[in-house]
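Take -18 as the starting number for the sequence shown in our numbering and just add one per residue.
Note that the Cβ used here is the ideal one computed from N, Cα and C, for glycine as well.
In this text the structure is predicted, and so the values were computed from the model without any measurement.
Below is one structure, written out as structure tokens, with a few remarks after it.
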Amino acid sequence: MANNKLKINIDADTPEALKQMKEVTEAVNECVDALEKLEKVMGRFANQSDTVELYCQGKLISQSMIKQTPIKDLLERDKGNKNCLVKTNERV
-18 MANNKLKINI
-8 DADTPEALKQ
2 MKEVTEAVNE
12 CVDALEKLEK
22 VMGRFANQSD
32 TVELYCQGKL
42 ISQSMIKQTP
52 IKDLLERDKG
62 NKNCLVKTNE
72 RV
């Protein structure tokens, strides 16, 4: 009977790789902290009104609810979507 074996040799500079992973992790944590601070500041403004109403000649023609999604929820939702980034320069 044939003896099936697989031999793999890996040569990696693990200390350098670990150092770079630590730097990336620190940068990501700094970004999360900054986004959480921004979320708190934006919450002061976003919570002033829960609806947006559109009037035409004094009549209400549209009403929309405003909902703010916490940054932690967005990060958790997009954790697996590493290839789905959208870049835009549009201004609202």
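If the criterion is Cβ atoms closer than 9 Å, does the pair GLU20 and ILE52 meet it?
Counting from 1 along the sequence shown, the entry for residue 20 is found at position 39. Counting from 1 along the sequence shown, the entry for residue 52 is found at position 71. Contact flag set, yes.
What's the C-alpha gap between LEU35 and THR(-5)?
Taking the sequence shown and counting its residues from 1, the one referred to as residue 35 is at position 54. Taking the sequence shown and counting its residues from 1, the one referred to as residue -5 is at position 14. For LEU35 and THR(-5), the distance between alpha carbons rounds to 59 Å.
For VAL73, I'd like the list of residues in its chain whose CB is within less than 6 Å of its CB, leaving aside the five on either flank, ordered along the chain.
Reading the sequence shown from its first residue, position 92 is the one you call residue 73. Bear in mind that the predicted position of VAL73 carries a pLDDT of just 47, short of 50, making it too unreliable to give a figure here.
Proximity winner among LYS48, LEU(-13) and VAL13, relative to GLY24 (alpha-carbon distances)
Position 43 of the sequence shown holds residue 24. That would be LYS48, whose Cα lies nearest to the Cα of GLY24.
SER43 and THR32 look like a contact to me (Cβ under 8 Å); what is the Cβ gap, rounded to whole Å?
Here residue 43 refers to the residue found at position 62 of the sequence shown. Here residue 32 refers to the residue found at position 51 of the sequence shown. Rounded, the Cβ-Cβ distance is 10 Å, inconsistent with contact.
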